[in-house]
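Those sequence lines, one after another, are chains A and B. If you read the first sequence in my numbering, its first letter stands for residue 858, the second for the next number, and so on. If you read the second sequence in my numbering, its first letter stands for residue 16, the second for the next number, and so on. First the structure, in the form of structure tokens, and then the observations on it.
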Amino acid sequence: MVPLIKIEKRNDVPMALYFFTPFIAIILTILGGGIIFYILGFNPIEALKFYFITPISNLYGLSELLLKATPLCLIAIGLSFCFKSNNWNIGAEGQLTFGAIVGGGVALLFYNQEGFYILPLVILAGAIGGMIFALIPAILKTYFNTNEILVSLMLVYVSKLLLDYLVVGPWSNPEGFNFPETRQFSDSSRMPLLFEGLRIHAGIFLALAAVMLSWFILYKTYLGFQIKVSGLSLKTAKYAGFKGKTMILVVFMISGACAGLAGVGEITGPIGQLHRMISPDYGFTAIIVAFLGRLNPFGIIFASLVVALTYLGAETAQIFLQIPKYTGQVFQGMILFFLLASDYLLFFKVKILNLKKNELRH
Amino acid sequence: MATDLRISNISKIYPGCVANDNVSLQFKSGKIYALLGENGAGKSTLVKILSGVISPDNGEVFLNKKNLKLSSPLDAKKNKIGMVFQHFNLFETLSVFENLSIDATEDNKSLRVRINEILKKYNFSINLDVPVLNLSAGQKQKVEIIRCLLRSPKVLIMDEPTSVLTEQETEELFISLKKFCDEGILIIYITHKLKEVLSLCDEVAVMRKGKVVSVSQTQNEKVETLANKMVGQKLAKIKKKINISKNKDEIFKVKHLNFYSDDPFETNLVNLNFSVKKGECLGIAGISGNGQNELFQILSGEIITPDTSIIFRNKEIAKLNPKQRREYLMAFSPEDRISQAAVPELKIYENVALNNFKSSNFFEKGLVNERKIKEHSKKILSDFSVNTDNVELKSQFLSGGNLQKLILGRELITAPELLICYNPTWGLDVGAINYIHETLIKINDQEKSTILISTDTEELLKLSDRIAVIYKGKLSKIMPSEEVTPEKLGVLMGGGSID
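Structure below.
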């Protein structure tokens, strides 16, 4: 007998199930994590508790969760505009970095000044920085037919190297004993903290505003309608006469601005200066967040919290279980893997046909 | 040996639709059988059951008294049931021989010998070593037929085989089919073209709404009687009164239309010049793949060509995109109604919003005016007798005919001065075709113009005032339609020349 696998498209995929599969993916990820811990010789229940419960069992932990979810949510909201319209912006990490460079540059200009106007300027500069950096792949795509996946991805390294150069070179702190970092920003360039003693800052309101605004744009405006149609059928968008090039530029600008805001939120929030490691790959992880949230603004809030927890869990696990914090990436990878796998099974059914050997050739 | 195929009490139910309702039919070799029916009548379901693609909920298939278990296409092949689909399953970049050898069981040498025997026997002229993409549609179909013949089939099912063929190619096909029939192959011919049934087949089974409504000898039938059986009601005959007047204004004028593409699957257009008068229908005939796609996209503004001049109502519009052209009162109905003219996943009212003309106020100051769009959609649904009043329905749940009515309604609600449509009735049933044809005639009666690009010669002769033929990207001279006969069109469409 030769098993023959046949894959068929399902005709009716219930919407309820479509929004439910992310939960299945999360459950499978936790199970998978348990198995990995078991193989590593830990008690899986105990280890998972350290990973998913301990980090958020106190107020400080919850604040850290929101702190990490904020950039993820902001970036994923921006990415949802691109992904919904079939534009594959993979370079949010670069746009985040460039936004942080521009915003940080402005903050450094005012390093020894105080004033209520400084923080808005810094934020605005960060958004514009991200926007400009996202425009590069967009313009190259619309006018020179380049592939935006490659261009946006490679620009990540450009901006990271630029940041490296700036913090060791021209922008390095003159009183910093040659450490690769800039001066501390002045208090006027820092995001106000929400609670004394916790790191959670006003950037979270930016993220929430982005959620509301993106919901409004995507579902209530002509731009949102064009994005939806282009995502479903480029042929139809062309036939309807939508200005395809303008739309590509706009979605990249939105996406870049959001990533830039996330970058500026990090440096004016918890970090307070520019140095080499301003983001633990939030820009890449946000891609997972966007898809786990089904590109839906409210789904993205939920997804950003889940994924933020994997960052926290990894840190706790490093402390209590002495395993590297990169296990966080393992969990993020598993989430994406299980999400894609359950989506595949959602949209296709797999049939196994058993055939006798000679039947194959007739 | 004679073949006897019997279908007994086949039923297949899909959610919300009975595709086959207790269908029983009997076929014997030596005759050509027609299976006739509108779209959605259940022909395709029945054929898919016979070829093992889907399994019935109920009922059995007997071949020479043997109960067949057809749970996959392999089972159909094994039982010598051959199938030629409307869309070819060939690898374009492989040669004819490579395509045929893919699923062959013998070595290449003896395969080639057998193929040559078939070519000789049926007088097919096909070069086995050229890539399939260089073949005409008729030749590709022959490759598919050869593939079936190599397995010495007992039953050969042809699904809408002439939709891509010229008149001449159709005739050749019919001659071959008759030969196969004489050799004892049982032939089941699926179509909705009534004339073909009458000229080719011996017996005809008519299906409607999943049921077999009549089985009869074709010699006792006429086009009208078959059409009535198929639709289930009497059809009003429509004929257009020719609308030629020499001194009417030219409303639309195309000059030096050239298009060059590097893509081997696109056709280059060479210096097309034509004009359309007020109230006139200009028909453009041709076999699909001769540049109609490219022509439609250039006329609609999806493709902008550099040196072309397009004058519409005394304005140069060659550089405008489709939305801007709509503002000048042009409207477009593309060939691909399922995935280009509409998005299947979108609701009806969202699909209506795709034609966002200025006075519609669908999007005021960039915001969606859902109430307005829905109101407008309701009006289209009732004015164009689309068979639902639920504007929230996703358009994928509309049948082909209803979807086309929705699209035409959407395009016509702006009262355009010129409608450009490409195969507006392709794959539709007789009732819907009639409705669309009446609508198109009404447009001309109201002194509005149409350009009808179509591969259906009958439709062109019925609706056009003047006709030109496009062949390999070149346009023939434009002829008044009363001087045109189907034969003349056939010759021009096949690349020949007349007079």
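For glycine and all other residues, C-beta sits at the position ideal for the given N, C-alpha and C.
Touch test, the stretch 91 to 101 of chain B against the stretch 124 to 131 of chain B, Cβ-Cβ under 8 Å, three pairs minimum: As far as the Cβ criterion goes, the stretch 91 to 101 of chain B does not touch the stretch 124 to 131 of chain B, which means the pair count is below three.
So with CB distances below 8 Å, who are the chain B contacts of A/A1097? Here residue 1097 of chain A is taken as the residue at index 240 of the first sequence, counted from 1. Those within 8 Å of A/A1097 in chain B are P337, K338, L369, N370, N371.
Flag this pair as touching only if the stretch 475 to 485 of chain B and the stretch 298 to 315 of chain B have three or more C-beta atom pairs under 8 Å; answer yes or no. yes
Continuous alpha helix (DSSP H) stretch holding B/R425: start and end: Counted from its first residue, the second sequence places residue 425 of chain B at position 410. First-last of the alpha helix (DSSP H) with B/R425: 415 to 427.
Please list the partners that B/Q355 has in chain A, where partner means a Cβ-to-Cβ separation under 8 Å. Locating residue 355 of chain B in the second sequence gives position 340, counting from the first residue. Near B/Q355 (Cβ distances below 8 Å), the residues of chain A are S1090, K1092, T1093, Y1096.
For a contact defined as C-beta to C-beta under 7 Å, what are the partners of B/G381 on chain A? On the second sequence, position 366 is the one that residue 381 of chain B refers to. Simply T1078, Y1079, L1080.
Would you call the CB atoms of A/L1203 and A/V870 closer than 8 Å? Here residue 1203 of chain A is taken as the residue at index 346 of the first sequence, counted from 1. Here residue 870 of chain A is taken as the residue at index 13 of the first sequence, counted from 1. A contact, by the Cβ cut-off of 8 Å.
Assigned secondary structure, B/E385 (DSSP; H/G/I helix, E/B strand, else coil): Counted from its first residue, the second sequence places residue 385 of chain B at position 370. Under the three-state reduction of DSSP output, B/E385 falls in the helix class.
Using the beta-carbon count (16 or more within 10 Å), is B/V230 buried or exposed? As a first step, residue 230 of chain B must be located in the second sequence, where it is residue number 215. It is exposed - the Cβ of B/V230 has fewer than 16 other Cβ atoms within 10 Å.
Put A/V1025 into one of helix, strand or coil per three-state DSSP. Here the question's residue 1025 of chain A lines up with position 168 in the first sequence. Here A/V1025 sits in helix by DSSP.
Listing by chain order, which chain A residues have their CB less than 8 Å from the CB of B/R341? Position 326 of the second sequence, counting from 1, holds the residue named residue 341 of chain B. Simply G1098.
Name, please, each residue of chain A whose Cβ falls closer than 8 Å to the Cβ of B/L361. Counted from its first residue, the second sequence places residue 361 of chain B at position 346. Ordered by position in chain A, the residues that pass the 8 Å Cβ test against B/L361 are K1085, V1086, L1089.
For B/G511, verify whether its CB is less than 7 Å away from any heavy atom of the ligand ZN. Looking at this structure, you won't find the ligand ZN or any other ligand, since it has none at all.
Under the rule that 16 or more other beta-carbon atoms within 10 Å means buried, what is A/G1185, buried or exposed? Counted from its first residue, the first sequence places residue 1185 of chain A at position 328. The residue is buried, with at least 16 neighbouring Cβ atoms inside 10 Å.
B/V358 at chain A interface by Cβ criterion, 8 Å: Against the second sequence, residue 358 of chain B aligns to sequence position 343. It does; some Cβ of chain A falls within 8 Å.
Under 8 Å (Cβ pairs) to chain A, residues found in the stretch 307 to 318 of chain B: S315, G316, E317
Note down the Cα distance separating B/E113 from B/I130, rounded to an integer number of angstroms. Position 98 of the second sequence, counting from 1, holds the residue named residue 113 of chain B. Position 115 of the second sequence, counting from 1, holds the residue named residue 130 of chain B. The alpha-carbon atoms of B/E113 and B/I130 are separated by roughly 12 Å.
My output table needs one value for B/E331: the three-state DSSP class, helix, strand or coil. Start at 1 with the first residue of the second sequence, and residue 331 of chain B comes out as number 316. Note: B/E331 maps to strand in three-state DSSP.
B/Q355: which of A/F1082, A/G1101, A/D1200, A/S1087 sits nearest, CA to CA? For the purposes of this step, residue 355 of chain B is taken as the residue at position 340 of the second sequence. Distance check between B/Q355 and each of A/F1082, A/G1101, A/D1200, A/S1087 places A/S1087 closest, using alpha-carbon atoms only.
Check the Cβ of B/F378 against every Cβ in chain A and list those closer than 8 Å, keeping chain order. In the second sequence, counting from the first residue as 1, residue 378 of chain B sits at position 363. In chain order: T1078, Y1079, F1082.
Determine, using beta carbons only, whether B/P349 comes closer than 8 Å to chain A. The count along the second sequence starts at 1 and reaches residue 349 of chain B at position 334. B/P349 counts as touching chain A.
In the DSSP assignment, find the alpha helix (DSSP H) that holds B/K338 and state where it starts and stops. As a working mapping, residue 338 of chain B is identified with position 323 in the second sequence. That run of the alpha helix (DSSP H) goes 337 to 342.
Could you compute how far the alpha carbon of A/I1145 sits from the alpha carbon of B/S167? Along the first sequence, one-based indexing puts residue 1145 of chain A at 288. Along the second sequence, one-based indexing puts residue 167 of chain B at 152. Answer to the nearest angstrom: the Cα atoms are 54 Å apart.
Taking C-alpha atoms, which residue in A/Q952, A/A1066, A/L931, A/Y1096 lies nearest to A/P994? The sequence position of residue 994 of chain A within the first sequence is 137, counting from 1. For A/P994, the closest C-alpha among the options A/Q952, A/A1066, A/L931, A/Y1096 is that of A/Q952.
Excluding the five sequence neighbours on either side, which residues of its own chain have a C-beta within less than 7 Å of the C-beta of A/N969, listed in chain order? On the first sequence, residue 969 of chain A is found 112 positions in, with the first residue counted as 1. Only S1043 meet the Cβ criterion.
Contact under 8 Å by Cβ, A/E921 with A/R1056: Numbered from 1 along the first sequence, position 64 holds the residue referred to as residue 921 of chain A. Numbered from 1 along the first sequence, position 199 holds the residue referred to as residue 1056 of chain A. Yes.
What's the C-alpha gap between A/F909 and A/L1166? Residue 909 of chain A sits at position 52 when you count from the first residue of the first sequence. Residue 1166 of chain A sits at position 309 when you count from the first residue of the first sequence. In this model, A/F909 and A/L1166 are separated by some 7 Å (Cα to Cα).
Let's see if you can read the secondary structure: which residues bound the beta strand (DSSP E) around B/R21? As a position in the second sequence, residue 21 of chain B is number 6, starting the count at 1. According to the DSSP assignment, B/R21 belongs to the beta strand (DSSP E) that extends over 19 to 29.
B/C216 by DSSP, collapsed to three states: which one? Taking the second sequence and counting its residues from 1, the one referred to as residue 216 of chain B is at position 201. If DSSP states are grouped into helix, strand and coil, B/C216 belongs with coil.
Chain-order list of residues whose beta-carbon lies under 7 Å from that of A/S1046 (same chain, five-residue window excluded): Counted from its first residue, the first sequence places residue 1046 of chain A at position 189. Excluding positions up to five away in sequence, the list reads A964, F967, I975, L976, V979, T1125.
Taking 8 Å as the CB-CB limit, is B/V33 close to chain A? Looking up residue 33 of chain B in the second sequence gives position 18. Using beta-carbon distances, B/V33 does not count as an interface residue toward chain A, since no partner is under 8 Å.
Among B/K208, B/D217, B/D471, nearest to B/L47 - alpha-carbon criterion: Start at 1 with the first residue of the second sequence, and residue 47 of chain B comes out as number 32. At residue 47 of chain B the sequence reads Ile, which differs from the Leu that was named. Per the Cα distances, B/D217.
Reducing DSSP to helix, strand and coil, say where A/K1214 ends up. To locate residue 1214 of chain A, count along the first sequence from 1; it is residue 357. Confidence at A/K1214 is low in this model, with a pLDDT of 48, below 50, so its placement is unreliable and the value that follows should be read with caution. In the structure shown, A/K1214 sits in a helix (DSSP, three-state: H, G or I).
From this set, A/S914, A/T886, A/V1164, A/I913, which residue's C-alpha is nearest A/P901's C-alpha? Here residue 901 of chain A corresponds to residue number 44 of the first sequence, with the count starting at 1. Of A/S914, A/T886, A/V1164, A/I913, the residue nearest in Cα terms is A/T886.
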